[in-house]
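First up is the structure itself, then whatever we jot down about it.
Protein chains: 2
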Amino acid sequence: MSNQQQQTAICKKQQQQQPKHDDKHQNLIRFSLSLTFSALLNLILIVSFFLNMSMNPKHDQLTWSRKASEEAEAVSSLSCSGHGVAHLDGLVLDGGLPVCECDACYTGLDCSQFVPYCLIDVDNGNPFFLEPFWRQNAENSAVMMAGWYRMGYEFADGSLESKQLEKAIRMLHDTVGNAITKGRYIVFGTGSTQLFNAAVYAFSSKDSGSTTAKVVASVPYYPVYKSQTDLFVSRKYKFDGETMSWINQSEDSTNFIEFVTSPNNPDGQLKDVILGGKNVKHIHDLAYYWPHFSPIPIQLDEDLMLFTLSKLTGHCGTRLGWAIVKEESVYKRMMYYIDQTTYGVSRETQLRTLKLLNVVLQGNGRELFDFGYNVMRSRWERLSKLFSLSKRFSLQDLTQNNCTFFHKELRSVTPAYAWIKCENDEDKDCYSVLWDEANIKGKAGHDFGSESRYVRLSLISNRQDFDLLVRRLEGLISQEMKGVCEPSNYEGAFGNLTT
Amino acid sequence: MSNQQQQTAICKKQQQQQPKHDDKHQNLIRFSLSLTFSALLNLILIVSFFLNMSMNPKHDQLTWSRKASEEAEAVSSLSCSGHGVAHLDGLVLDGGLPVCECDACYTGLDCSQFVPYCLIDVDNGNPFFLEPFWRQNAENSAVMMAGWYRMGYEFADGSLESKQLEKAIRMLHDTVGNAITKGRYIVFGTGSTQLFNAAVYAFSSKDSGSTTAKVVASVPYYPVYKSQTDLFVSRKYKFDGETMSWINQSEDSTNFIEFVTSPNNPDGQLKDVILGGKNVKHIHDLAYYWPHFSPIPIQLDEDLMLFTLSKLTGHCGTRLGWAIVKEESVYKRMMYYIDQTTYGVSRETQLRTLKLLNVVLQGNGRELFDFGYNVMRSRWERLSKLFSLSKRFSLQDLTQNNCTFFHKELRSVTPAYAWIKCENDEDKDCYSVLWDEANIKGKAGHDFGSESRYVRLSLISNRQDFDLLVRRLEGLISQEMKGVCEPSNYEGAFGNLTT
Chain A
1 MSNQQQQTAI CKKQQQQQPK HDDKHQNLIR FSLSLTFSAL LNLILIVSFF LNMSMNPKHD
61 QLTWSRKASE EAEAVSSLSC SGHGVAHLDG LVLDGGLPVC ECDACYTGLD CSQFVPYCLI
121 DVDNGNPFFL EPFWRQNAEN SAVMMAGWYR MGYEFADGSL ESKQLEKAIR MLHDTVGNAI
181 TKGRYIVFGT GSTQLFNAAV YAFSSKDSGS TTAKVVASVP YYPVYKSQTD LFVSRKYKFD
241 GETMSWINQS EDSTNFIEFV TSPNNPDGQL KDVILGGKNV KHIHDLAYYW PHFSPIPIQL
301 DEDLMLFTLS KLTGHCGTRL GWAIVKEESV YKRMMYYIDQ TTYGVSRETQ LRTLKLLNVV
361 LQGNGRELFD FGYNVMRSRW ERLSKLFSLS KRFSLQDLTQ NNCTFFHKEL RSVTPAYAWI
421 KCENDEDKDC YSVLWDEANI KGKAGHDFGS ESRYVRLSLI SNRQDFDLLV RRLEGLISQE
481 MKGVCEPSNY EGAFGNLTT
Chain B
1 MSNQQQQTAI CKKQQQQQPK HDDKHQNLIR FSLSLTFSAL LNLILIVSFF LNMSMNPKHD
61 QLTWSRKASE EAEAVSSLSC SGHGVAHLDG LVLDGGLPVC ECDACYTGLD CSQFVPYCLI
121 DVDNGNPFFL EPFWRQNAEN SAVMMAGWYR MGYEFADGSL ESKQLEKAIR MLHDTVGNAI
181 TKGRYIVFGT GSTQLFNAAV YAFSSKDSGS TTAKVVASVP YYPVYKSQTD LFVSRKYKFD
241 GETMSWINQS EDSTNFIEFV TSPNNPDGQL KDVILGGKNV KHIHDLAYYW PHFSPIPIQL
301 DEDLMLFTLS KLTGHCGTRL GWAIVKEESV YKRMMYYIDQ TTYGVSRETQ LRTLKLLNVV
361 LQGNGRELFD FGYNVMRSRW ERLSKLFSLS KRFSLQDLTQ NNCTFFHKEL RSVTPAYAWI
421 KCENDEDKDC YSVLWDEANI KGKAGHDFGS ESRYVRLSLI SNRQDFDLLV RRLEGLISQE
481 MKGVCEPSNY EGAFGNLTT
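Okay, here's the thing in structure tokens:
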């Protein structure tokens with residue numbers, strides 16, 4: 001062995017005696033990789049933690065309200081096959097899940113079964129056509145109530161009315177331009193229903209010996225004016241028929257209280273007062289005087305104007321209406337009526353209304369009214385096209401008008417109801433004709449003080465119910481046309497209608 | 001240099017030419033430590049992530065309802081110095097935070113400033129004494145409403161009343177044993193206030209030519225029976241004073257509608273009917289016939305019984321009352337009245353009531369009634385001890401009675417109101433005496449058809465307001481005692497009272 005070989009052998013031996021440096025090197029690489037991976041994992045976990053925090057900044061802060069939120073979201077997540085809806089206070093199944101409440105013509109636990117030739121109920125005025133708007137605005141329209149929310153009778157200022165809600169109502173009228181509220185009093189009612197008689201009471205005489213005021217309305221009129229006034233059998237006021245029949249007698253000493261409904265329910269006509277003179281008081285029911293149902297030609301400034309949430313946002317069940325009142329004495333008598341009959345409007349109702357109106361105000365009303373107007377316009381177009389083919393049935397004739405809100409000189413016609421006339425001599429009871437021949441339940445003309453030759457059909461139901469109604473009416477009119485049209489024409493006509 | 005030295009030198013050189021193995025070793029240790037630390041951090045982060053997930057299993061699932069929950073919790077977190085409360089629909093400050101609504105005798109933005117010798121308003125019947133119970137049950141009593149919650153007029157069965165709520169009401173009466181509901185009809189009203197006239201209407205004649213029914217009540221009576229009946233000036237019914245004045249005439253052909261209030265408002269006495277005969281109908285107002293206010297000696301089964309949420313859970317602002325009705329014809333007429341005057345009770349009100357009653361039912365009513373009874377018992381004990389020292393003022397005398405609910409033969413007396421009599425000849429107007437001498441605003445005796453020598457003070461306010469009332473009454477009685485007692489006796493007496 002040479003010297004050099006010896007040296008190398010010794011060196012190797014020394015190297016072997018030391019730790020295995022190559023293994024160490026490999027370990028070092030492995031450790032480096034592991035550490036890099038671990039550090040990266042840490043980084044990802046930390047970033048995702050802060051990302052989670054920033055996306056749900058307060059999720060850990062939700063305490064007492066979380067359970068109620070979860071309940072509400074669980075209920076709303078039930079699809080009900082797209083033909084129904086579940087609510088928190090619906091009937092519950094054994095498992096505790098609420099039952100789906102099905103649209104007309106659907107049944108079954110999940111509303112998946114279609115009921116052929118079911119009854120189409122368009123008697124009521126449920127404005128479900130606005131439900132999709134509220135689903136689109138779910139976040140801003142939700143409201144959470146604590147168990148101790150407003151337990152007392154009065155608000156902080158001793159009144160029964162939320163000043164915040166009053167402010168929102170005034171802002172909305174200013175934005176829409178349909179009624180003047182500046183310097184006017186506002187009275188809330190449990191629906192405008194309660195305000196009908198509150199207004200009649202306020203306008204009737206305080207004197208015990210005075211004559212009974214005559215309450216009147218123009219045919220066709222909303223039936224509750226009569227039935228509610230009749231209910232109390234008051235010595236102070238009495239429903240006394242159609243306005244027109246008193247036109248030459250309103251100057252004498254009899255006191256009149258005239259209901260003026262504009263747009264009118266059922267026929268959607270814009271109306272003006274009929275009776276004049278110092279003995280006549282007017283109650284202007286403006287439930288439908290909003291841009292989705294009506295042109296807004298002028299900003300009204302009447303002595304007593306009634307509005308309701310039901311036909312503004314579609315929340316009928318909430319039961320909130322309001323009166324805008326010019327004279328303090330009338331306002332005070334209306335407030336006294338509300339105090340005495342229900343001691344104000346439910347505070348839950350007032351809070352929820354405030355939430356809903358704030359959503360409407362956020363878009364200066366445009367979003368809600370654009371949505372509503374577009375739906376109603378397309379519905380009226382479909383319907384008027386269909387009825388133009390019929391000689392047996394006619395729709396009310398509505399003239400286009402200007403609308404300051406949409407800045408349009410001539411806006412489309414978008415009434416809430418179809419006021420249908422049966423034109424044939426033999427069809428004296430139009431309500432029965434639709435029921436018997438098409439299984440459609442409308443509201444009979446005589447309910448509105450009108451001829452039985454008329455029937456009112458609601459156009460503000462949800463999309464599916466409206467589609468079913470149109471299909472049923474198409475069937476009815478197609479029967480009529482079979483006698484007068486060539487089949488090809490009739491088919492073509494309906495081909496267009498159903499697209 | 002020897003051979004060996006040469007070898008070592010060469011080896012060192014070779015070693016120097018290789019990576020520094022010692023440094024590597026140290027790096028290895030550093031890496032190991034870092035990796036261990038990093039892995040530990042990984043472990044901690046992962047564990048905390050899963051812990052967080054398991055504690056808030058669904059926090060990521062809350063979507064549309066989160067914002068409303070956060071708003072409600074933010075408002076409820078305002079302490080208002082413990083002397084007030086903030087609500088979602090309260091007035092808001094510039095920053096958007098709701099203003100604190102302060103208790104009586106406190107003021108300032110955060111209710112921190114005490115107002116010395118302020119007016120103690122115990123005129124109203126706000127049952128704030130139950131508010132702490134609802135704060136204790138915050139999670140189960142909260143309710144979240146979606147923007148599309150019950151937009152329609154009717155429930156799924158076409159009615160205006162939640163069947164779930166009706167069921168809860170029946171269960172509660174069964175649990176408490178205060179009224180029989182089996183086979184009885186239930187009518188909801190916007191507060192029992194609305195049901196007063198609904199019942200009067202239902203009991204009055206349908207015939208147009210019949211006589212006017214006399215509506216009567218026993219003095220002292222709840223003022224709204226008279227003022228509400230007067231309001232309508234109906235040909236069908238008329239408030240006609242005190243029941244006792246008709247005791248010998250109820251057998252003739254006149255129809256009577258007698259209000260029977262038990263326990264009575266204002267004096268807490270258990271009452272029975274006074275008039276009898278086939279022409280007499282009875283409206284049993286049982287607003288206070290719950291275990292926190294009254295003994296429950298028997299389960300009542302009257303023709304028409306009225307209850308209200310206001311005095312059961314303390315939610316006056318919610319405006320929900322109900323009637324339990326035996327006869328179908330009476331039930332139908334009441335339902336017609338509700339339909340015509342408000343078209344049912346707000347659906348928000350019905351949902352919230354359902355939530356609240358479910359909380360009461362969860363503990364078989366024990367939790368709520370134990371809480372309420374204990375508060376009211378201690379208040380009455382303080383008050384009766386105080387008034388026992390006075391000869392100028394006296395409290396109503398209430399006898400102990402058995403209570404089937406608490407399984408007690410003799411339970412303490414726990415009325416909702418003190419019905420105070422000014423005994424001195426010169427104190428003819430007791431309301432003014434308390435106002436002038438102690439700045440206490442009660443409700444005057446003549447409002448209840450009684451002598452002005454009486455005044456009603458509410459005992460169901462919150463703790464602080466009640467304490468202030470007692471201190472003010474102590475001051476009043478101490479003035480009286482200065483003339484008759486030795487100072488030491490008087491001091492001693494009050495020493496016990498204020499502990």
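Protein sequences, first through last, are from chains A and B. Counting along the first sequence from 1, when you hit position 307 you're at 307 in the UniProt record's numbering, and nothing is skipped either side. Counting along the second sequence from 1, when you hit position 353 you're at 353 in the UniProt record's numbering, and nothing is skipped either side. By construction, the Cβ of each residue, glycine as well, lies at the ideal position given by its N, Cα and C atoms.
Do V200 of chain A and T229 of chain A have their C-beta atoms closer together than 8 Å? yes
Return the CA-CA distance between D467 of chain A and K67 of chain A, expressed in angstroms with no decimal places. Computed Cα separation, rounded: 38 Å.
Rounded distance between the beta-carbons of G449 of chain B and P220 of chain B, thought under 8 Å: 6 Å
Which residue from A:D267, A:E73 and A:A168 puts its Cα closest to that of L354 of chain A? Comparing C-alpha distances from L354 of chain A to each of A:D267, A:E73 and A:A168 shows the shortest one belongs to A:A168.
Mind checking if D110 of chain B is an interface residue toward chain A, Cβ cutoff 8 Å exclusive? no
Here's the rule I'm using: 16 or more other beta-carbon atoms within 10 Å means buried, otherwise exposed. How should K482 of chain A be labelled? exposed
Between A104 of chain B and D465 of chain B, is the Cβ-Cβ spacing less than 8 Å? yes
Please compile the residues from chain A whose C-beta is within a distance smaller than 7 Å of the C-beta of E348 of chain B. T318, S346, E348, T349 and R352
In angstroms with no decimal places, state the Cα-to-Cα distance between A74 of chain A and C316 of chain A. 24 Å
In chain B, which residues lie with their C-beta within 8 Å of the C-beta of I46 of chain A? L45
Would you say H446 of chain A faces chain B, with C-beta separation under 8 Å as the test? no
Could you have a look at R66 of chain B and say whether DSSP puts it in helix, strand or coil? helix
Reduced DSSP secondary structure (H/G/I, E/B, other) of A444 of chain A: strand
So with Cβ pairs under 8 Å, would you call S32 of chain A a contact of chain B? Output row for S32 of chain A: interface = yes.
Chain-ordered neighbours of K236 of chain A on chain B, where CB pairs are closer than 7 Å: V233
For the region 210 to 231 of chain A, enumerate the residues whose C-beta is nearer than 8 Å to any C-beta of chain B, in chain order. V224, S227, Q228 and L231
Interface residues of chain A around K67 of chain B at Cβ under 8 Å? Under the 8 Å cutoff, chain A gives E139, N140 and A142.
Counting C-beta neighbours from all protein chains within 10 Å, is the total for S253 of chain B 16 or more, i.e. buried, or is it exposed? exposed
Using a Cβ cut-off of 9 Å, which residues of the region 250 to 280 of chain A contact any Cβ in chain B, in chain order? none
Could you run through the region 289 to 318 of chain A and flag, in chain order, every residue whose CB is less than 7 Å away from some CB of chain B? G314, H315, C316, G317 and T318
Boundaries (first-last residue) of the beta strand (DSSP E) holding G321 of chain B: G321 to V325
Comparing the C-beta of Q194 of chain B with each C-beta of chain A, is any distance below 8 Å? yes
Sheet register partners of G189 of chain B (DSSP bridge): The bridge partners DSSP lists for G189 of chain B are B:G321.
What three-state label does DSSP hand H59 of chain A in the structure shown? Confidence is the limiting factor: at H59 of chain A the pLDDT is only 49, short of 50, which leaves the residue's position unreliable and the question unanswerable from this model.
When B:D157, B:D207 and B:W290 are compared against L231 of chain A, the one with the closest alpha-carbon: B:D207
Kindly list, in the order they appear in chain A, the residues whose Cβ is closer than 7 Å to that of H87 of chain B. Y149 and R150
Assuming I420 of chain B contacts L459 of chain B under a Cβ cut-off of 8 Å, what Cβ separation, rounded to an integer in Å, is found between them? Their Cβ separation, rounded to whole angstroms, is 11 Å, which puts I420 of chain B and L459 of chain B out of contact at 8 Å.
Would you mind working out which of B:L97, B:H25, B:N140 and B:L35 sits nearest V360 of chain B, comparing C-alpha positions? B:N140
Just curious, the alpha helix (DSSP H) that F133 of chain A is in, first and last residue? For F133 of chain A, the uninterrupted alpha helix (DSSP H) run begins and ends at E131 to Q136, by DSSP.
Can you tell me whether DSSP reads S458 of chain B as helix, strand or coil? strand
Beta-carbon of T190 of chain B versus every beta-carbon of chain A: anything under 8 Å? yes
Rounding to the nearest angstrom, what Cα-Cα distance links T498 of chain B and T212 of chain A in this structure? In this prediction, T498 of chain B has a pLDDT of 37, which is less than 50 and means its spatial position is unreliable; what the coordinates show is noted afterwards. Approximately 60 Å, taken between the alpha carbons.
Whole-number beta carbon distance between D301 of chain A and E327 of chain A, since they are thought to touch under 8 Å: So it is not a contact: roughly 13 Å between Cβ atoms.
Specify the secondary structure class of V143 of chain A as computed by DSSP and reduced to three states. Three-state result, V143 of chain A: strand.
Can you name the start and end residues of the beta strand (DSSP E) that N401 of chain B belongs to? N401 to C403
Compare the C-beta of G90 of chain B with all C-beta atoms of chain A and state if any pair is closer than 8 Å. yes
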